[in-house]
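The opening position of the sequence shown corresponds to residue 423 in my numbering, with each subsequent residue numbered one higher.
Glycine is no exception: its CB is placed at the ideal position from the N, C-alpha and C atoms.
It should be emphasised that the depicted structure is a prediction, and the values quoted were computed from it without experimental measurement.
Written out below as structure tokens is the structure these notes cover.
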Amino acid sequence: MRIRGPVTLAALTIASCASSKHTSASKNEDCYYDCKPGEKKRAEPAGAVAAKPTGKLTPAGEKAAGFRDAADLLDKAQKALDGGNKNLAEQLFSTAELLTGPEAVAAIAGVFREGGPVRITTPTEKVDPAAPPQPKTVGSSEEEDAAAKVPPPKVEGSLTGSMTLDGKAMSGAFGLVTLEPATGKWAPRIVKHRAIEQRDRTFLPHVMAIPVGSTVSFPNFDGVFHNVFSSSPLASFDLGIYKAGEAREYTFAKEGIVRLGCNLHANMSAYIAVVSAPAYVVTDDAGKFSFKHLPPGKYHLKAWSERSKAPITQDVTIKAGSNDVTVGVAGDAPSGPTPDKFGGKRG
423 MRIRGPVTLA ALTIASCASS KHTSASKNED CYYDCKPGEK KRAEPAGAVA
473 AKPTGKLTPA GEKAAGFRDA ADLLDKAQKA LDGGNKNLAE QLFSTAELLT
523 GPEAVAAIAG VFREGGPVRI TTPTEKVDPA APPQPKTVGS SEEEDAAAKV
573 PPPKVEGSLT GSMTLDGKAM SGAFGLVTLE PATGKWAPRI VKHRAIEQRD
623 RTFLPHVMAI PVGSTVSFPN FDGVFHNVFS SSPLASFDLG IYKAGEAREY
673 TFAKEGIVRL GCNLHANMSA YIAVVSAPAY VVTDDAGKFS FKHLPPGKYH
723 LKAWSERSKA PITQDVTIKA GSNDVTVGVA GDAPSGPTPD KFGGKRG
């Protein structure tokens, strides 16, 4: 296979990365595409044939070169599929798809993507590459109310609390606490448009809470490709491969916890808590949380940590003035890297 220009080099790099184990940031990822003069370029994949100086290609020549490379990748994708490596086969197919455009290979896409999350095929959107990084956590109903200038209740109580994990103090993990009135109804919260970015091969924020019906954009700020996906039954989606300065988005219509992964980088994970409760907050990494403006009354409190399989529920009574609570959650979530988009083990 010949390397012809930055787009083809990027595609080859994805193919090379796809066949390796995802243990850490690879030294072979120094420059995926759009290398500038003086920057370190990645070595060619094993077996690649060095390009011969042929002068500037015509547009037709560029297209033909891309299709030849894509054909080679499709052959490799079929061999990987025949060998039982469905995840590698899909990555090789997606790399070929970058070169040909989705229409050219649409008829066989299902062969490689069957059994995976729902593929989102909307066009990518441009994002500002100079946008500053986001914090590690986002999600507080009271911060949203303050920004919207919602007046606090005339009579109010506050609630401070801490979360324990298997009976021990929380450390190095974030959680979520929500409050629902034990009786009566409440107005649904206004949906939001948030972003979880891919930066420095991590997701930011790492934990985000949003109201049901909110939309999240997933911009890429890295010099490498990413493939954001979720296999959660609440929100199963695959955003595909796209480079820096691009984004796709997804609307979260069901309540629950959604775990995110990157199919090209097994170390990347994040969580979206989709909530219907009128009051919610993401804890700090020691499990501390607080609500400052609550109408007194009885509430159902739900709590979850990123090390827990599912939330727990307990009843609390909020009196006027200060209140305090300790919440215990289980550390029963599976450890290790996020499985790939077909449920295969990585790492």
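Per DSSP, what are the beta-bridge partners of residue i in this structure?
i: residue 642; result: 620
i: residue 670; result: 640
i: residue 724; result: 600 and 735
i: residue 748; result: 584
i: residue 713; result: 581
i: residue 650; result: 684
i: residue 495; result: Paired residue(s): none; residue 495 is not in a bridge.
i: residue 548; result: 668
i: residue 485; result: Residue 485 pairs with nothing; no bridge assigned.
i: residue 743; result: 579
i: residue 719; result: 740
i: residue 591; result: 586
What residue does the beta strand (DSSP E) around residue i start on, and which one ends it?
i: residue 731; result: Note, residue 731: premise wrong, no beta strand (DSSP E); not H, not E.
i: residue 657; result: 657 to 664
i: residue 633; result: 629 to 633
i: residue 768; result: No beta strand (DSSP E) contains residue 768, which DSSP labels as neither H nor E.
i: residue 695; result: 687 to 697
i: residue 682; result: 678 to 684
i: residue 701; result: 701 to 704
In the DSSP assignment, find the alpha helix (DSSP H) that holds residue i and state where it starts and stops.
i: residue 516; result: 508 to 522
Where does residue i fall in DSSP's three states?
i: residue 561; result: coil
i: residue 540; result: coil
i: residue 612; result: coil
i: residue 505; result: coil
i: residue 625; result: strand
i: residue 675; result: coil
i: residue 532; result: helix
i: residue 553; result: coil
i: residue 527; result: helix
i: residue 567; result: helix
Round the Cβ separation of residue i and residue j to the nearest angstrom and send it over; I've been treating them as touching at under 8 Å.
i: residue 611; j: residue 563; result: 7 Å
i: residue 668; j: residue 638; result: Actually they do not touch by this definition, with Cβ atoms about 15 Å apart.
i: residue 703; j: residue 723; result: With 8 Å as the limit, residue 703 and residue 723 do not qualify as a contact, their Cβ atoms being about 11 Å apart.
i: residue 681; j: residue 652; result: 6 Å
i: residue 741; j: residue 718; result: 6 Å
i: residue 587; j: residue 753; result: 5 Å
For chain B, check one thing: does any of its Cβ atoms lie closer than 8 Å to the Cβ of residue i?
i: residue 572; result: In the displayed structure, chain B is absent; only one protein chain is listed.
Contact the stretch 524 to 538 vs the stretch 585 to 604: 3+ CB pairs below 8 Å: no
Segment contact, 8 Å Cβ cut-off, at least three pairs: the stretch 620 to 634 with the stretch 642 to 649: yes
Contact between the stretch 683 to 694 and the stretch 569 to 587 (3+ Cβ pairs under 8 Å): no
Validate contact between the stretch 549 to 557 and the stretch 713 to 720 using beta carbons, cut 8 Å, 3 pairs: no
Stretch-stretch touch, CB-based, cutoff 8 Å, three pairs: the stretch 513 to 522 with the stretch 492 to 503: yes
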